[in-house]
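In my numbering, the protein residues as written are 147 to 598. Here a beta-carbon is modelled for each residue, glycine too, at the ideal position from N, C-alpha and C. Below is one structure, written out as structure tokens, with a few remarks after it.
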Amino acid sequence: MSESSTHNGQPGPVPAKAALAGPAVPLAGESFDTLRLHSDLLKGIRDMGFERPSPIQTQAIPPILAGRDVIGCAQTGTGKTAAFVLPILHRLMQRPTGRHLRALFIAPTRELALQSMEHLRALSRYVPLKGAAIFGGVPMEPQIKALREGVDIISATPGRLLDHVYSGRIDFVDLEILVLDEADRMLDMGFLPDIQKIIRLLPPKRQNLIFSATMPPEILTLVHQILHDPVTIQIGQRSSPAAGIRHAVYPVARHLKTELLTRLLRQEGMTSVLIFARTKHSADRLSQTLVQRGFKVSVLHGDRSQSQRLRALDQFRRGRNQVMVATDIAARGIDIDDISHVINYDVPNTPEDYVHRIGRTARADATGDAFTLVDHQEEPQVEAIEQLLKKTLPRVTLPDFNYGAGGGHKPQGARHGVGRPQHGGRHQGPRHSQHGHRSHRKSHQGGSHGGS
Ligand code: AMP
């Protein structure tokens, strides 16, 4: 399997990456051998180091192999990509044809489109099928060349895909299988009209697979429009992030957030930290400040060029940069092993975004820390998150941090300075802290974060 666009935008085969083999997705009991996949796929699975299928793989592979339409309610980190890639490869291998587009994956972001193609390529090392990743922000030429040579599978973002379609470089006459990956995020990003346009161009008789972490009404409507007698698979409630995640809320005035963040980043165990900011502008500003303070920082948001984004991701993945600052959309679906901490510099707008953000750490049975810096105005959003998670998140303060600097006041109620935090373990959670409780909120809210 080769592809059109690699990290340098050039065509060419890329070996299976260690990054794809690593994280511990929750595994189901049985072995891959029972799933009746082609022996060449089993070899690829073994090379990847996958020993047993994850629950979504156990549940999704048989109906997809049987040609059924499937709705998969699952987030990144569950093994969902292999759950559709493996049976699709198996089906395409049953009836080899000469380089016609037969399967199309549509993803909301370039990163996800590329990641699915990398995953596909790694799993199909022994399979004579050809794939291309098609996304904007990189030169057209390598993609045009790959399309001219013929591909069996495309993993694409909607806009660039339509560019190629309208220029006559892609036709869908032989298309057998459509996958919409992260459908809810495509909706958020305004891609639904493009998706509808693409769907109108596809042969009506085809297999449809939709994966989405949440099922907003617009996606359900789409599901009813295009899926025929679908099998629904629900993996992990959106309200149940991996059990290994240790949450901590740091109440702090807005104008002191960067100062507190700097202190946190200097703690031991902060090896690979993904920081979320709400806007591109605040992501840029924050990363500049952190660089000035001596941190090695990657930035990931939609206004960066494709090559900047790929380089940023790569440096963070390889551990060259300790920190990556990202916006929600840019980080969506990104698969990076061993993120030690997720820090919410801004509280996410929706509780679902909180679950998505912290899903980047503590993949499955691993552990990881999720810290949230909370200004008093953001308390209602924290309350919504707590309602979704059905638990109170512990409040934490750093004992020797000057919460009153610049006119602010020390948050009340989140006691500190005595003993160890509740959670220890791999990453040495918030080392100097003591957890307060919900009772803190009222005093904190009424308190004074002047200047924030
Ligand atoms: P995904 O949810 O598709 O983004 O996959 C998350 C990560 O889990 C990827 O790095 C996969 O390579 C990995 N993975 C997928 N399936 C398995 C499996 N059965 N065993 C171990 N790792 C897996």
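The way I'd put it, the region 275–286 does touch the region 297–311; three or more beta-carbon pairs between them come closer than 8 angstroms. Along the length of the region 185–255, whole alpha helix (DSSP H) runs at least 4 residues long occupy 185–194, 201–211 and 226–240, reported in chain order. At least one heavy atom of the ligand AMP lies closer than 8 angstroms to the C-beta of methionine 194. In the DSSP annotation of this structure, the continuous segment of the beta strand (DSSP E) that includes arginine 392 starts and ends at 391–397. Exclusion of glycine 277 from the 8 angstroms shell around the ligand AMP follows from its C-beta lying no nearer than that to any non-hydrogen atom of the ligand. Around the beta carbon of proline 199, a 10 Å sphere encloses 16 or more other beta carbons of the protein chains shown; the residue is thus reported as buried. Using a cutoff of 8 angstroms, the CB of glutamine 203 counts as near the ligand AMP, since one of the ligand's heavy atoms is closer than that. Arginine 248 and leucine 321 do touch by the CB rule: their CB atoms are close to 6 angstroms apart, below 8 angstroms. Counting only residues of its own chain and dropping the five nearest sequence neighbours on each side, histidine 374 has a CB closer than 6 angstroms to the CB of Asp215. For alanine 472, the enclosing beta strand (DSSP E) begins and ends at 469–472. The residues Ser444 and Met470, in chain order, have a CB closer than 6 angstroms to that of phenylalanine 462 in the same chain once the five nearest residues on each side in sequence are set aside. Rounded to whole angstroms, arginine 182 and alanine 476 show a C-alpha spacing of 36 angstroms. Taking 8 angstroms as the upper bound for CB-CB distance, valine 398 and tyrosine 549 are in contact here, some 7 angstroms apart.
A straight line joining the alpha-carbon of proline 208 with that of proline 233 spans about 8 angstroms. A heavy atom of the ligand AMP is found nearer than 8 angstroms to the CB of histidine 265. Unbroken beta strand (DSSP E) runs of no fewer than 3 residues, entirely contained in the region 298–352, are found at 299–302 and 323–326, following chain order. In summary, valine 319 is exposed, with fewer than 16 beta-carbon neighbours lying within 10 Å of its beta-carbon over all protein chains present.
By the criterion of at least three beta-carbon pairs nearer than 8 angstroms, the region 219–236 is in contact with the region 260–278. Excluding its 5 nearest sequence neighbours in each direction, tyrosine 272 has C-beta neighbours in its own chain below 7 angstroms: Asp186, Lys189 and Gly190, listed in chain order. Following the DSSP letters along the chain, one finds histidine 487 inside the beta strand (DSSP E) bounded by residues 487–490.
A direct Cα-to-Cα measurement between alanine 206 and histidine 401 gives close to 48 angstroms. Our two residues, histidine 265 and leucine 326, have alpha carbons roughly 16 angstroms apart in a direct line. By the CB criterion at 9 angstroms, leucine 324 and leucine 366 fall outside the cutoff.
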